[in-house]
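The structure appears right after this line, and notes come after that.
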Amino acid sequence: MEDRRPHLEATPRNPPTNHRGPIDGEVPPRARNQANNPAATNHAGRHPRASNHAAPFRQREERFRAMGRNPHQGRRNHEGHTSDEARDQRQSQNDTRRRNDDQEGRNHRPPWSSDSFQQWHTPLQKPAEQPQHTKRLGYKFLESLLQKEPSEVAITLATSLGLKELLSHSYMKPSFLQLICQVLRKACSSRIDRQSILHVLGILNNSKFLRVCLPAYVVGMITEPVPDIRNQYPEHISNIISLLQDLVSVFPASSVQETSMLISLLPTSLNALRASGVDIEEETEKNLEKVQAIIKHLQEKRREGTLRVDTYTLVQAEVEGEVESYRAMPIYPTYNEVHLDERPFLRPNIISGKYESTAVYLDTHFRLLREDFVRPLREGILKLLQSFEDQCLRKRKFDDIRIYFDARIITPMCSASGIVYKVQFDTKPLKFVRWQNSKRLLYGSLVCMSKDNFETFLFATVSNREHEDLCQGIVQLCFNEQSQQLLADVQPSDSFLMVETTAYFEAYRHVLEGLQEVQEEDVPFQRNIVECDSYVREPRYLLMGGKYDFTPLIENPSAIRKSLRGAEVLRRSKINVLDFSQWPVKEALNLDDSQMKALQFALTRELAIIQGPPGTGKTYVGLKIVQALLTNKSVWQISAQKFPILVVCYTNHALDQFLEGIYGCQKTSIVRVGGRSNSEILKQFTLRELRNKREFRRTLPMHLRRAYMNIVTEMKESEQKLQVGAQTLECTMHGVLREQHLEKYIAPQHWESLMNGPVQDADWLCVQPSKHSMIVEWLGLGVGSFTQSASPAGPENTAQAEGEEEEEGEEEGSLIEIEEEADLIQADRVIEEEEVVRPRRRKKEENGADQELAKMLLAMRLDQDVPGTTAGPEQAAEEWETQRSQKKKMKRRVKVELRKLNTITEAEASAIQDVWQLDLSSRWQLYRLWLQMYQSDTRRKILSYERQYRTWAERMAELRLQEDLHILKDAQVVGMTTTGAAKYRQILQQVEPRIVIVEEAAEVLEAHTIATLSKACQHLILIGDHQQLRPSANVYDLAKNFNLEVSLFERLVKVNVPFVRLNYQHRMRPEIARLLTPHIYQDLENHPSVLKYEQIKGVSSNLFFVEHNFPEQEIQEGKSHQNQHEAHFVVELCQYLLCQEYLPSQITILTTYTGQLFCLRKLMPVKTFAGIKVHVVDKYQGEENDVILLSLVRSNQEGKVGFLQIPNRICVALSRAKKGMYCIGNMQMLAKVPLWSRIIHTLRENHQIGPSLRLCCQNHPETHTLVSKASDFQKVPEGGCSLPCEFRLACGHVCTRACHPYDSSHKEFQCMKPCQKVICQDGHRCPNVCFQECQPCQVKVPKIILKCGHKQMVPCSVSESDFCCQEPCSKVLRCGHRCSHLCGENCVRLCPEKVTVKLNCGHSQLVKCGQVEDLKYGLPVKCTTKCDTTLDCGHACPGSCHSCFEGRFHERCQQACKRLLVCSHKCQEPCMGECPPCQRTCQNRCVHSQCKKKCGELCSPCVEPCTWRCQHYQCTKLCSEPCNRPPCYVPCTKLLACGHPCIGLCGEPCPRKCRVCHLDEVTQIFFGFEDEPDARFVQLEDCSHIFEVQALDRYMNEQKDDEVAIKLKVCPICQVPIRKNLRYGTSIKQRLEEIETVKEKIQGSAGEIAASQERLKALLKSKTLFHQLRPEEFLILQEKLTQKNLSVKDLCLVENSISFYDHLANLEGSLEKVHQLERQKVRTRLEQVHEWLARRRLGFSSQELSDLQSEIQRLTYLVNLLMRCKITEVKGSIAEEVSSIRNILEKTCKFTQEDEQLVQKKMDALKTTLPCSGLGISEEERVQIVTALGVPRGHWFKCPNGHIYVITECGGAMQRSTCPECQEVIGGENHTLERSNHLAPEMDGAQHPAWSDTANNLMNFEIHRMM
């Protein structure tokens, strides 16, 4: 049986901790049970977009939290237990361990006990009432998995929580056990799900299934009596052996014991079965022997003690003397390779014959490719080790490697690809590096780091490169698997030497792994590739007979029909492709002879090689091949499964070109895999775009979607935990840690010494720890300390460097854009999916979090601005008194000290008693010791989170590959770069493309090509030209002596495998083509189209080489060269050609070196050269342009020509031009190269080379100019010659320029001479410049205006009738005022004169005279009279009469409130009823930290240990809890700075006053005991006042009976609140607790707020009339209620608004009962109320509530009155009474209480005569009647004359009667009312009769009745 387990090869393994459950044996949290979980159901059917996959889960979590549930919670399982019990138990154990750690640290909590660290260390807790549900894996489910693909089985098992539970049983039925083994084996056979398989095997490794069930099952085979069952055992034994082999390969250390036992049992069972007649296959026995050998080997290693962890690499022993198998060789260099200068075993690439075998072939290319990247590193490190004693090591250059000194691994970061690390190195030796263009530290480059002279080393690849970060020495690295294990012992302070190789390691790694994985028999085309057989067969798919349709390839059917054969071809749609006689003629396909042969050869041979010299149409033929294959895909896709065509190109640009060509004939089913695409057409076909399409998400299999959701949740959880620890580590490198966070790591005697300060120091001022960090003072960074310290490190040129950068940046913007070489290389390296390797957090979030953490951790920060900002507000209160320059020096010194490595040893530290006696250098060494212990502890804590995140990220990467596999399998054409093909090699093995086309095949290393092919490949087409660029090898020796630079394309050509060469070039004019033929190509013919090119304008020759001997310059960084002479010449020539009217797109400048590229760029401003392309020759293969300017650069006395001697590069350089080529170089030096010598000879024969280029003037053909240097072009300044132009312009002037060939008709020329045209009859001339258009004459002349007779100065061109007279108007308006306009203007419509009028509000006001008329018609005029009404708050109203709605709605008071809030601050908000929560920064603080919230928010209690202690007492409570120790009254024994005894108490901060020096101040009587000789004093820290202790004790502890306000005690002298004092901590804490209670009451609890929100939502929903009449306001309130974090005040505002809007809506609805003429007036009043109510406000003040209620009451009375007036006719005295009421209700001033009483009295008097219902009875009487009869609504009716009656029972009329009042017929029959009768809604408000169609479908409802 074939063994297909590539993942069992000798590769590094993850440690066993990675495989206990998903990470540590825990069941990962999931959100499950979609049927019962609406939030989960919403996401079950759609997959979140890949570019933002965390967003849906974030939204889901927010919804769950809003419901009071954990988003990761499911249901209980069938046993009622939670699947998180194990996790909770471990958490409990961890908590216990943490408590023990704390006790060891002398009860001092470490820094991660703060809130943010608690969140970091404490897992997300699952509420007990919502346990997770574990889906049991049943028999049928497992059976169904056997029908699925191995990949789906592996992913399903890995994401299932039931697998662990299933394998935990001690007993199971044999049939079930057999099924489990089958399923597990199938899962392990997946080839692209390694992480999922590791996870599944990890569960198996720790299961009872392995330890108990399998051994019992194997033993039971011996006694099995049933023959049929015995016959099945061999198959199951084979499954078990396979599983054990997988298990022991992955977990060699942890599984060896269990597997040993099982393996020892299997032979007995096999023998018993064999004895009973059961046939055992030979392969089973061989596999068993293989596993037994592995177990034996592992047991030996275990006895030796070398098998400790699962990272042990299992390598089969080699036969002595035999070469190590390439399959067992590690990809990364080993210790022996780096340290022993031994030549590795290498075979050359055979280019003249066949290989011995496929194994030798693969071995050869593996070793050569590996050596190509290992050798530079090996030799570079050896040279480095030999140079360690060199004093100038930092300045020395090495050929093979780049060195970075003092590199430090700072912190881990989460990226989409896993864990990357931020590494910082010293940039001083690299100050000349131009990082933006430098090839240093490009993506994918390999670095090797060592801190012990490469005795041990770490390998990593560059994962992210930002040149801004590189300028700071920061790069992000991704470490390989072995190195990740060593990172556990690395600290941020460890200094590494970092070495970089120049090779793109990632491409090497993918290809090398592919070569190791491929089996010999799977290599396609071995007969030709390995054995070099020259016979090439037709593709296998044509053996069944292939009929091709060439009709779509025919470009001109009408022309082809004329030929006999062409007509026959068109008639027969399908032909035999192998019979060339049936093919269309070449003209039909628009091909030349050689192209036709190439097409036939490519379609009919399984291995087709097409050589295309420059310009022969390689890509064109390639596209014809693809079009033919796609048109006839039924021939090669004979099964239902799709097999796409794989197109592989060397560069992104070539891939874009080729796929764009394919897009012309195939608009769909294209997939592009490669670097960033510049093609707009192809962007829709990139993997990322296709993966993000909604249709693809819908069709993605459910097991992938489920796995995706689970993994994203886990990644997010791990990332959150990791972030805080990583930020903490980084913080330690950016400042000095506060001593509280180091306390755990400081010895007790050192801590006490540090905190007590220096014992005998005359200059010491008692520094209060709360005001200033003690450790800052100790390290010489505090007040006055710095100037006494040693001088710091030398100055830094930071400002100067910044200035230089800014200068360069300004220059950059004005130059043409040239793609940086680093960017070009990186674009080809980065596969699109890898672009997301950037850190996952956004920069803004990251900076915010870091800043907060830094404030908490650091006592002194390096990132603060200088001077000013300090680490916290407590330092702002007492700012350092150092100068700006001193602060800069201080920060420089801290940076230097933090980067030092030396520390005091622990033994030396233990001997120190007084830390203040140490010199400054020793203090820093001791600090670094503490810091390293702190960093080690932090690093250890985040290691597990790193491993978790890395594992989940690897599983996510595998899921991505599965998604990509689904996309690629559905495609017709897959395009990849060689890098992409190497990375996706495993997917390509699954996709199995049958046809592979390699473009630029001659540029691709043979190993890359082989790694791209799968065993399913039946047709390989190689297109390229081995005489142009060859593959690029890293090591010259390997390229030349081992033939590594020979591609598969070239090798097959050399061994005479058939190929077709394209013979007709369609690009170059014949003169240029002669440079290639016969010097490079023997017989390259010109296509007729190239004979028709026009001559290059302005130059005497279409081809010319300019000779010179000006020397080159070497670029300091990066082995490149530049030649200033050539650069200037080429730029001037380019500008000259632009003057010949060539478009910028027609000209390309080529150069052979990158250094010259940027030299050219500096000379090419964008204004002149926009659109000109400038490229390096190597990056321009496959491109062409009309005119090529070539700079060869090399010119030196040594005669070094570099790679200009390589024929392939010469070929590319000389074959890019179509119409003209001009080259400049040192031809005398180049002539020493044979090929150049022949080319130069040809040039001389044709007079196309010389020291000067001859320019020809197009206007004066007889004038020639010779140019040999840039300054010579000044002779032809405008591109013509030095003669003047002399062209007569249309204006009559002569052109002022020198002779110019462009713009010969002078249509674009602008004459700058003065215009001479006469523009009017008076002879005035145009004042403009000549090219400007003449305008009408503006010279002013006197004219008489006909309309008025005035004389005016009028512009000459303006007639008198059109001129507006500028004299004042003399007319008088109707109002009597004089018109204010000019004479020529129309008189004013509204007189602007101000007059005094009396407004409706009663005030007099100055208004424009024209507005007086408006007042008569009722139009409003805004009264500006100041209101000045005294508001409820006592202040005068700030509004005007108009803004206060004439006194009805007053403006809000703007006076500052100034009331004292509960926090002791004065309210700063404008005056209103209730003061809002204080918005100032909270000033509550303790010795550990300060609250950073707003003052009105709830403070988070400090959970650090209380620091109140002295030698007599110590508090053991937390900082925020009341202290459990008494105050100490023992006098303080310290001496002050003056030498006198301290007047304070033991354990308290020493007061600053001295009883001797400050006698008057100290003994000043305040409480009465200050002058006693033994009086002791306490200094308040908040204001620095001192008080006698006993008196202050009584003051602080007394509780006054009349004290009702909750507030802090204040200083008796200055009234500053006392917030911080350890002695009175208990009293302060009690007051603060009361204040917090008040805050909580103001803010409201979350539960209360949520309940109120729901209540108000329901209330709002019930207001249907409001919704109907005012939908906009309704929606605003509705949206407000859906917002989060609403306060009680917000809800009060909403509730009041709902109430008011509802009242107004009812009033508006009642207007239907008001007379038509009255409605508009009331509506206007209602709109005014709505306008006022819609204003934005935080809440209603008492004044606003009063005004609003009063106005609504007024309108209610008014509407009620108008309703009554409509119902009953108003006459006589009633009309007068109604008029008096309306006068009160409709006046503009406020509706007072007196007004309301008067109106109510008058309305009561009108109740009988003016009833509201129109019934002739009062409202009370109506209510009494309706209540007494007790009938439902809809039972009251009226006769034709309006008399009311009632119908009882059902309410339907069943009999007729007569009205007792008027004898009219009433009632009806059969539930039908008499037509003359009607419903009486005025009685009960019914809208329809109780018995009616409406009643049967709609419940009656009652309209709100006014009053």
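For the sequence shown, this note's numbering gives the first residue as 552, with consecutive numbering after it. Glycine is no exception: its CB is placed at the ideal position from the N, C-alpha and C atoms. Please read these numbers as outputs of a predicted model, since none were measured by experiment.
Starting from the Cα of R2031, find the closest Cα among A2326, R2076 and K2017 and give me that residue. Of A2326, R2076 and K2017, the residue nearest in Cα terms is K2017.
Among E1017, L1028, N1203 and A823, which has the Cα closest to the Cα of G1733? Closest option to G1733, Cα to Cα, is N1203.
Helix or strand or just coil, what does DSSP make of A2175? First, the residue type needs correcting, since residue 2175 is Tyr and not Ala in the sequence shown. DSSP, reduced to helix, strand and coil, places Y2175 outside both helices and strands of the structure shown, so it counts as coil.
Bridge partner(s) assigned by DSSP for Y955: Bridge partners of Y955: M1049.
When burial is assigned at 16 or more other CB atoms within 10 Å of the CB, is Q1569 buried or exposed? Around the beta-carbon of Q1569, 16 or more other beta-carbon atoms lie within 10 Å, marking it buried.
Only counting the same chain, and skipping five residues up and downstream in sequence, which positions put a Cβ closer than 7 Å to that of R1839? Closer than 7 Å at Cβ, skipping near neighbours: V1845.
What ranges does the alpha helix (DSSP H) occupy inside the segment 688–735, keeping only unbroken runs of at least 4 residues that lie completely in it? Annotation note: the segment 688–735 contains the following uninterrupted alpha helix (DSSP H) runs of length 4 or greater, listed N- to C-terminal: 690–696, 701–710 and 713–717.
Can you tell me which of the three DSSP states L1571 falls into? In this structure, L1571 counts as strand in the three-state DSSP scheme.
Take C2053 as the anchor and find which of S2040, H2063 and Q2065 has the nearest alpha-carbon. Measuring from the Cα of C2053, the nearest candidate turns out to be S2040.
Just list the residues that DSSP pairs N1736 with in beta bridges. Under DSSP, N1736 shares a beta bridge with A1768.
Using a Cβ distance threshold of 8 Å, determine whether the segment 1265–1274 contacts the segment 944–955, with at least three qualifying pairs required. Taking 8 Å as the limit for Cβ pairs, the verdict is that the segment 944–955 does not touch the segment 1265–1274.
Would you check if there are 3 or more beta carbon pairs closer than 8 Å linking the segment 2214–2228 to the segment 2251–2270? Result yes; three or more Cβ-Cβ pairs closer than 8 Å.
Taking a contact to mean a Cβ-Cβ separation below 8 Å, would you say H2164 touches N2172 in this structure? One detail in the question is off: residue 2164 reads as Ile in this sequence, not His. Their beta carbons are not under 8 Å apart, which means I2164 does not touch N2172 by this criterion.
Any chance you could list the beta strand (DSSP E) runs of at least 3 consecutive residues sitting entirely within the segment 1135–1186, in chain order? Correct list: 1158–1162.
Give a yes or no on whether the C-beta atoms belonging to L992 and L1038 are separated by under 8 Å. Remark: C-beta atoms of L992 and L1038 do not approach each other more closely than 8 Å.
Please classify E1281 as buried or exposed, where buried requires at least 16 neighbouring CB atoms within 10 angstroms. Under this definition E1281 is a buried residue.
Is the segment 1237–1249 in contact with the segment 1554–1570, if contact means three or more CB pairs nearer than 8 Å? With a cut-off of 8 Å, the segment 1554–1570 and the segment 1237–1249 do not count as touching, because too few Cβ pairs lie within range.
On a CA-only basis, which of V2038, E2121 and C2108 is nearest E2099? Give me that one, please. It is V2038.
Run the CB neighbour count on P2222, radius 10 Å, all protein chains shown included, and call it buried at 16 or more, exposed below. When all chains shown are included, P2222 counts as exposed.
Continuous beta strand (DSSP E) stretch holding A1410: start and end: Counting along the chain, the beta strand (DSSP E) containing A1410 begins and ends at L1409 to R1412.
Using three-state DSSP, classify I1647 as helix, strand or coil. The answer is coil: DSSP assigns I1647 none of H, G, I, E or B.
Rounded to a whole number of angstroms, what is the C-alpha to C-alpha distance between M2457 and E2328? Residue confidence for M2457 is low, a pLDDT of 32 falling below 50, so the modelled location carries little weight; the figure read from the coordinates is stated next. The C-alpha of M2457 lies about 20 Å from the C-alpha of E2328.
Can you give me the C-alpha to C-alpha distance between A1277 and G1753, rounded to a whole angstrom? For A1277 and G1753, the distance between alpha carbons rounds to 48 Å.
Contact belief for Q1068 with K905 at Cβ below 8 Å, rounded distance in angstroms: Position check: residue 1068 holds Glu in this sequence, whereas Gln was assumed. Not a contact, Cβ separation roughly 24 Å.
Can you give me the C-alpha to C-alpha distance between C1317 and P2102, rounded to a whole angstrom? Low local confidence applies: a pLDDT of 42 at C1317 is under 50, so the model's placement there is unreliable, and no value is given.
Mind listing, in chain order, the continuous alpha helix (DSSP H) runs of no fewer than 4 residues lying wholly within the segment 1191–1230? The alpha helix (DSSP H) runs lying completely inside the segment 1191–1230 and spanning 4 residues or more are 1203–1214, given in chain order.
Could you give the uninterrupted runs of the beta strand (DSSP E) lying entirely in the segment 1499–1580, keeping only those of 3 residues or more? Inside the segment 1499–1580, DSSP marks whole beta strand (DSSP E) runs of 3 or more residues at positions 1524–1528, 1546–1549 and 1570–1575, from first to last along the chain.
At the level of alpha carbons, what is the spacing between L1471 and K847? Distance between the alpha carbons of L1471 and K847 is about 60 Å.
Please classify G872 as buried or exposed, where buried requires at least 16 other C-beta atoms within 10 Å of its C-beta. In this prediction, G872 has a pLDDT of 48, which is less than 50 and means its spatial position is unreliable; nothing more can be read from the coordinates.
What first and last residue would you give for the alpha helix (DSSP H) that runs through W2283? Looking at the DSSP string, the run of the alpha helix (DSSP H) that includes W2283 is Q2267 to L2284.
Per the DSSP calculation, N1015 is bridged to which residue(s)? In the DSSP assignment, N1015 is bridged to Q1027.
May I ask you to verify whether the segment 919–939 touches the segment 1080–1095, counting CB pairs closer than 8 Å and requiring at least 3? Counting C-beta pairs with one atom in each stretch, the segment 919–939 and the segment 1080–1095 have fewer than three that are closer than 8 Å, which means they do not touch.
Looking at G2418 and I2395, is the spacing between their C-beta atoms short of 8 Å? The answer is no: Cβ separation not under 8 Å.
Identity of the residues DSSP links to Q975 by a beta bridge: R959 and I1025.
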